[in-house]
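Q: Under this note's numbering, the first residue of the sequence shown is numbered 603, with each subsequent residue one higher.
All residues carry an ideal CB built from backbone N, CA and C; glycine is no exception.
Sharing a structure below in structure tokens format, with a few things to ask.
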Amino acid sequence: MAQYLKLFKTEADYEAVVGTENEPNVAHIIEDIEIKQKKEIDFNGHCYVDLGLPSGTLWACYNVGASTETGYGNYYAYGKGSKTYNKNDPAYTATTENLPMEVDTARQVMGGDWHTPTKEQAIELGVNTIFEADVVIGGVKGIKLTSKVNGNYIFFPFAGNYYNGRKINVGTWAFFMTSTMEQDTTHWDCTVNYFSQYPEYSCGEESNRAQGKNVRGVIG
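Okay, structure coming up:
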């Protein structure tokens, strides 16, 4: 039988496994000792919204580079960290599943525990919120995603995107980047937009890495 040690918080916890296949060779009892394992979250001064998502992910109130929920913020190419979009920059060429923190825009600009959302976090956002298109806040049109759990919301202004050095889709489309790689020349591009008469929230479109997109930070 292999030797192993197990930690029990109370004597009762230990007694519950005595004589069973889960009884350890050596047991330590730590009754009346409080153990704290939860790490304090570092928001680094940035505003967040708790949408009551199953994963516990918290979303930033604003796009990276913005100071209000209606501000467009800055535009970034995938894998360029804190450097804003420049059409002459070569595309990021690494192929890790998710962006390393040293080239993650949200982490590099916002600091603390912030990072660019993964594909899974972006999909979770869409599934667990109510979508409203062409919402106007402070004179700015965009998309509003309201939690199905607690009524909190986040707003994505129709900031458009950059393509081949040109800013396009301003006033009609909102984009935000994710950190998840799709193929060696593309990445997951989760898009919140309003096209024609149909509101749409979609994740999984392939997009050239050289485009300039907004970023919305998350913690979790």
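Using 10 angstroms around the beta-carbon of N766, count the other beta-carbons present and answer buried if the total reaches 16, otherwise exposed.
A: The residue in question, N766, is exposed, as its Cβ has fewer than 16 Cβ neighbours within 10 Å.
Q: Quick check on V591: buried or exposed, where buried means 16 or more other Cβ atoms within 10 Å of its Cβ?
A: Only positions 603 to 822 of the chain appear in this structure, which leaves residue 591 out of reach.
Q: Kindly indicate which residue of T748, K815, S781 and V651 has the alpha-carbon position closest to the one of D721.
A: Sequence check: residue 721 is Lys here, not Asp. Comparing Cα-Cα distances from K721 to each of T748, K815, S781 and V651, the minimum goes to S781.
Q: When burial is assigned at 16 or more other CB atoms within 10 Å of the CB, is K746 buried or exposed?
A: buried
Q: Can you name, in chain order, every residue of its own chain whose Cβ lies under 7 Å from the Cβ of T686, other than the five neighbours on each side?
A: Within the same chain, Cβ atoms closer than 7 Å to the Cβ of T686 are found at N676, Y677 and Y678, the five residues on either side in sequence being excluded.
Q: Does R768 pass the burial test, meaning 16 or more other C-beta atoms within 10 Å, or should it be called exposed?
A: exposed
Q: If you reduce the DSSP assignment to three classes, tell me which class Y674 lands in.
A: coil
Q: Once DSSP output is grouped into helix, strand and coil, what is the label at E734?
A: strand
Q: According to DSSP, is L727 part of a helix, a strand, or is it coil?
A: helix
Q: Spell out a yes or no on whether the region 727 to 740 and the region 655 to 673 are touching, meaning 3 or more CB-CB pairs, one atom from each, closer than 8 Å.
A: Counting C-beta pairs closer than 8 Å gives three or more between the region 727 to 740 and the region 655 to 673, which meets the contact rule.
Q: Can you tell me which of the three DSSP states T698 falls into?
A: coil
Q: Per the DSSP calculation, S749 is bridged to which residue(s)?
A: T731
Q: Do you know how far the Cα of V751 is from the Cα of V772?
A: Going by the C-alpha atoms only, they are around 31 Å apart.
Q: For G621, name the three-state secondary structure that DSSP assigns.
A: Coil.
Q: Grouping DSSP H, G and I as helix and E and B as strand, with all else coil, what is K638?
A: In this predicted model, K638 has a pLDDT of only 49, less than 50, meaning its place in the structure is not dependable enough to derive any value.
Q: When the Cα atoms are used, what is the spatial distance from A604 to E625?
A: Its pLDDT being 44, under 50, A604 is placed unreliably in this model, and the value from its coordinates should be taken loosely. The alpha-carbon atoms of A604 and E625 are separated by roughly 12 Å.
Q: Going by the beta-carbon positions, is the gap between I739 and W661 smaller than 7 Å?
A: Not in contact: I739 and W661 (Cβ atoms no closer than 7 Å).
Q: Return helix, strand or coil for S798, following the three-state DSSP convention.
A: Residue placement at S798 is poorly supported in this model, since its pLDDT is 38, which falls under 50; the coordinates still yield a value, given next. Here S798 sits in coil by DSSP.
Q: Just curious, the beta strand (DSSP E) that A662 is in, first and last residue?
A: L660 to A662
Q: With distances taken Cα to Cα, identify the nearest neighbour of G683 among A708, N816 and W775.
A: A708
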